[in-house]
Structures are given as structure tokens and as C-alpha cells.
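Enquirer: Residues 1 to 177 (full-length UniProt numbering) are what the sequence shown spells out, left to right. Ideal placement from N, C-alpha and C gives every residue a C-beta, glycine not left out. Predicted model only: the values in this text are computed from it and were never measured.
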Amino acid sequence: MEIKKEKRVSGKTIYSGNILNLKRDEVEFCNNIQSVRELVEHSGGVSVLAENDEGKVLLIKQYRYPVDEVIYEIPAGKLEIDEEIVECASRELREETGYQAEEFSELYRFYPTPGYSTEVIYIYKAKGLSYVGTELEEGEYIEVVPKSRKELQELLKNGELKDSKTLIAVLHYLGEY
């Protein structure tokens with residue numbers, strides 16, 4: 001059976017913000033039935049699995065207001081309009097951890113919530129790290145926490161990794177794909 005695309009009949013932006021836009025679109029199915037789709041427009045994000053010379057992955061710990069919790073993550077940030085993906089990866093790694101990398105390579109890309117969002121997250125691996133100093137944004141409080149393979153496995157086993165981009169990156173790293 002062929003899966004058919006929905007046709008956008010009309011749409012409007014119901015909210016425009018600094019990070020995202022909310023849209024409400026009317027769509028039509030192949031059988032001429034119409035429905036409504038609400039979606040979040042987001043420019044996407046880039047995250048970085050950075051491995052230092054000691055073979056440890058640089059995780060960060062930070063408070064996340066929407067879930068009211070301090071969680072482990074890999075460095076990441078919003079992809080700015082017209083920004084190159086590797087530029088974003090380099091910027092976020094430097095700002096959040098204080099490290100710059102000699103080499104970046106794409107590991108994976110995925111849609112975190114394809115049912116209602118256009119967001120794409122790119123995961124890059126960074127090697128050849130050197131410390132240059134952090135450039136945290138106002139209101140950002142981040143702790144850099146290097147973790148060995150064994151420590152990453154323990155975090156997974158104990159359910160301490162709760163962020164999807166971090167889970168995907170760490171599972172990819174540990175599986176050596």
C-alpha cells in the first residue's frame with residue numbers, strides 16, 4: 001500500500017516567538033476529507049558528542065525549567081537562521097564547555113517529535129579538543145562533567161540520562177556504529 005501525503009489547504013501562524021512559531025494548518029487527505037494540524041516550527045538544533053584526549057565524553061549538567069530538573073546533556077543549541085551546522089556545533093561546544101575542536105563529523109540526525117514539530121536535531125562528534133574558556137549566555141549555569149565509557153553505561157543503567165539527543169548520542173557512541 002502506498003502512503004499518501006496530505007495536502008495543505010490553508011494555514012495561519014497563531015504565535016511567533018524567539019525560539020518557535022505555532023501554526024494551524026488545514027489539510028486534505030487523499031479521500032477529500034479535511035482535518036486540522038497544529039505544528040511547531042523550529043529552526044532545529046545541533047548537539048555535540050565531544051570526546052577528550054582521556055577518552056571521556058563531555059556531558060553538561062544544567063537546570064531545565066520545563067521539566068523542573070537538573071539533567072545531564074551533551075552540549076547543544078538552536079541552529080540560527082542561515083548558520084552552518086558545523087559553525088553551530090563549534091559555537092555551542094565552546095560556549096557551554098570552553099573547548100574548541102579540531103574535527104567535527106556528523107553522527108546522526110533525527111526528528112525528536114515529528115508528529116507536531118519541524119525540528120531536526122543534528123548530532124556531531126568532536127575530536128581534538130583544546131580548552132579556550134567558556135562563553136556562557138546570561139542566565140546559563142552549566143557544570144561540565146567528563147564521563148568515561150563505564151560511567152556512561154552506569155548513567156544509562158540507572159536511568160539518569162533523560163534527554164533524547166543525549167541518549168541517542170551516548171547509545172551511538174557506546175555501540176561504536
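Could you pull the DSSP bridge partners for aspartate 25 from this structure?
Expert: DSSP, once it has assigned bridges, lists Gly11, Arg37 as partnering aspartate 25.
Enquirer: Could you tell me the distance, in whole angstroms, from the CA atom of serine 35 to the CA atom of lysine 125?
Expert: When rounded, the distance between both Cα atoms is 41 Å.
Enquirer: Sorted by chain position, which residues of the same chain lie with C-beta nearer than 6 Å to glutamate 95's C-beta, five sequence neighbours on each side aside?
Expert: Excluding sequence neighbours, glutamate 95 sits near Glu135.
Enquirer: By Cβ distance below 6 Å, which residues in the same chain neighbour threonine 166 in space, the five residues on each side in sequence not counted?
Expert: Same-chain partners within the cutoff: Glu73, Ile74.
Enquirer: Exposed or buried, what is glycine 159 when buried is set at 16 or more other beta-carbons lying within 10 Å of its beta-carbon?
Expert: Label assigned to glycine 159: exposed.
Enquirer: If you reduce the DSSP assignment to three classes, tell me which class valine 57 lands in.
Expert: In this structure, valine 57 counts as strand in the three-state DSSP scheme.
Enquirer: CA-CA distance, isoleucine 121 and isoleucine 3?
Expert: Each residue's alpha carbon lies about 25 Å from the other.
Enquirer: Contact defined as beta carbons within less than 8 Å: I believe serine 43 pairs with lysine 78. What is the distance between those atoms, to the nearest angstrom?
Expert: Confirmed, about 6 Å.
Enquirer: Excluding the five sequence neighbours on either side, which residues of its own chain have a C-beta within less than 8 Å of the C-beta of glutamine 19, listed in chain order?
Expert: Correcting the residue identity first, residue 19 is isoleucine in this sequence and not glutamine. Around isoleucine 19: His42, Lys78.
Enquirer: Excluding sequence positions up to five away, which residues of its chain have a Cβ less than 8 Å from the Cβ of proline 114?
Expert: So the list is empty, once near-sequence residues are dropped.
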